[in-house]
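Here our numbering is used: the first residue of the sequence shown is 58, the next is one more, and so on. Note that the Cβ used here is the ideal one computed from N, Cα and C, for glycine as well. A quick write-up on the structure given underneath.
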Amino acid sequence: MGLIIGLVANRWPGNCAPYFYEKGQLTPSEITNINTAVSNLNATGLVRLIWRAAQTRYIQVVPDYQPLDGICWSSHTGMSAGRQEVKLDPNAGVGVIMHEFLHALGVSHEHKRPDRDDFVGVNYRVMNISRRADFDKAAAPAAVIVGPYDLDSIMHIRDVAASGAIGAIRDNRDWSSDWTTALPYARGPQACLLLYKRSSGLLRLHTLAANGTVGPMFEESALPPGTGAIGDDWTSIKHYRIGSSDYLFFLRKSTGEMMVHGVGYNGGLGQRIQFADWSSDWTSAEPFTTPNGTFLFLLKTSDGKVHVNRIEDDGSIGPIVDQRNFGAGWTSGAVIQRGANAALVLIKA
Ligand SMILES: [Zn+2]
């Protein structure tokens, strides 16, 4: 049935948690979905979510400041000492909202149960190195299993997670506001975290420890544009690996400018190997790998245009190998990597 937080201090008294949201921060359909998620959870009779009155410990549902990355999250697993957040991507579905509420209520991922090997296989080889810790098993006293293993649990992440969806929160801190990109990437075996503020162009690189927690910052670039620094307003930042080399791809939606940097030996930003001025307005950029090579999928929300470019052996973005027009309205495209194959997911929000 589940894997719940072991520490009694992080359990909500009486399995009852106050929650709250600012109506003005969310769209009517998001509010409808939140309300449905709450009534679904309350209908189980196992937990009770109540609208916050004056309680000091409560869950606030807030919109995610980096929209359309497909990632929703809960700031804590279980009850914290005060206000805690469930962050939702725009138009998050009822199931995703229930999932994040369950984290906040103290439920961990089903696939982290110590008995999971009897039911599922976890292929660490195909997953992004920075995600491996999300598949570590959890055991008492940190977590306690409840009931039989549930393959259909809403807390069970399958293939998508293996290719990079966010799992349980391993670490959380209160940094300054306004970070628009948080990208785990790798330099060889070292997992790193890139943080970027679109508004100011501030870029910070941290190591990620083997247990998934955020390690020390080893690079900061706070210089204004034109000084060799990254500059502001990059809307898509992606990592890919060609052979044994790692690269970071940057795309600026407003101007169509793109660039590729190598990742240096220490994980820091290496040499810029490509800079080009594409047409503006590309909304999504997703690298993916097939047995024939590595490619970049590009989607333009405004007119539904799709390009797939080959990524060359030197890490640069090469020629277009496929182009289509799917029609306007697709707000987001993502690529799910499953072993040697990749599948494309298009979302109309
Ligand atoms: Zn989760």
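Residue i in three-state terms, based on DSSP
{"i": "A66", "result": "helix"}
{"i": "A110", "result": "coil"}
{"i": "E369", "result": "coil"}
{"i": "T101", "result": "coil"}
{"i": "D191", "result": "helix"}
{"i": "T93", "result": "helix"}
{"i": "K169", "result": "helix"}
{"i": "I211", "result": "coil"}
{"i": "K405", "result": "coil"}
{"i": "L259", "result": "coil"}
{"i": "I330", "result": "strand"}
{"i": "E277", "result": "strand"}
{"i": "P85", "result": "helix"}
{"i": "F383", "result": "coil"}
{"i": "F15", "result": "In the structure as shown, the chain starts at 58 and stops at 406, and residue 15 therefore has no counterpart that could be examined."}
{"i": "D174", "result": "helix"}
Residues near residue i in its chain [Cβ-Cβ closer than 6 angstroms; skip 5 each side]
{"i": "G386", "result": "K405"}
{"i": "A384", "result": "Note that residue 384 is Gly in the sequence shown here, rather than Ala. So the list reads G361, once near-sequence residues are dropped."}
{"i": "L355", "result": "W339, A342, H364"}
{"i": "W291", "result": "F307, R309"}
{"i": "H264", "result": "First, the residue type needs correcting, since residue 264 is Thr and not His in the sequence shown. Once the five neighbours on either side are set aside, the close Cβ partners of T264 are C249, G272."}
{"i": "Q328", "result": "G319"}
{"i": "L326", "result": "H318"}
Beta carbon of residue i nearer than 8 angstroms to that of residue j
{"i": "F176", "j": "L208", "result": "yes"}
{"i": "G390", "j": "E314", "result": "no"}
{"i": "E277", "j": "R261", "result": "yes"}
{"i": "I214", "j": "H166", "result": "yes"}
{"i": "R68", "j": "G163", "result": "yes"}
{"i": "A74", "j": "L103", "result": "no"}
{"i": "I287", "j": "G258", "result": "yes"}
{"i": "S210", "j": "G59", "result": "yes"}
{"i": "Y78", "j": "Q117", "result": "yes"}
{"i": "Y206", "j": "D174", "result": "no"}
{"i": "T84", "j": "V151", "result": "no"}
{"i": "K80", "j": "I91", "result": "no"}
{"i": "N148", "j": "S86", "result": "yes"}
{"i": "I411", "j": "L251", "result": "Because the chain in this structure spans residues 58 to 406, residue 411 falls outside the shown range and cannot be described."}
Proximity test, residue i beta-carbon vs ligand 1 heavy atom, cut-off 7 angstroms
{"i": "H160", "result": "yes"}
{"i": "H166", "result": "yes"}
{"i": "H213", "result": "no"}
{"i": "H156", "result": "yes"}
Cut-off 7 angstroms between Cβ atoms - residues of its own chain near residue i, not counting five sequence neighbours on either side
{"i": "I299", "result": "T351, I368, D370, G372"}
{"i": "T346", "result": "Q394, A399"}
{"i": "D235", "result": "K254, S256"}
{"i": "L153", "result": "Leu is not the amino acid found at residue 153; the sequence shown has Val there. C129, listed in sequence order."}
{"i": "S359", "result": "D338, A385"}
8 angstroms Cβ shell around residue i - same chain, five flanking residues per side excluded
{"i": "I226", "result": "With a pLDDT of only 42 at I226, under the threshold of 50, the placement of this residue in the model should not be trusted; the figure read from the coordinates follows. So the list reads W130, S131, S132, H133, T134, H160, once near-sequence residues are dropped."}
{"i": "N366", "result": "F352, L353, L355, I374, G375, P376, I377, V378"}
{"i": "S137", "result": "N67, R114"}
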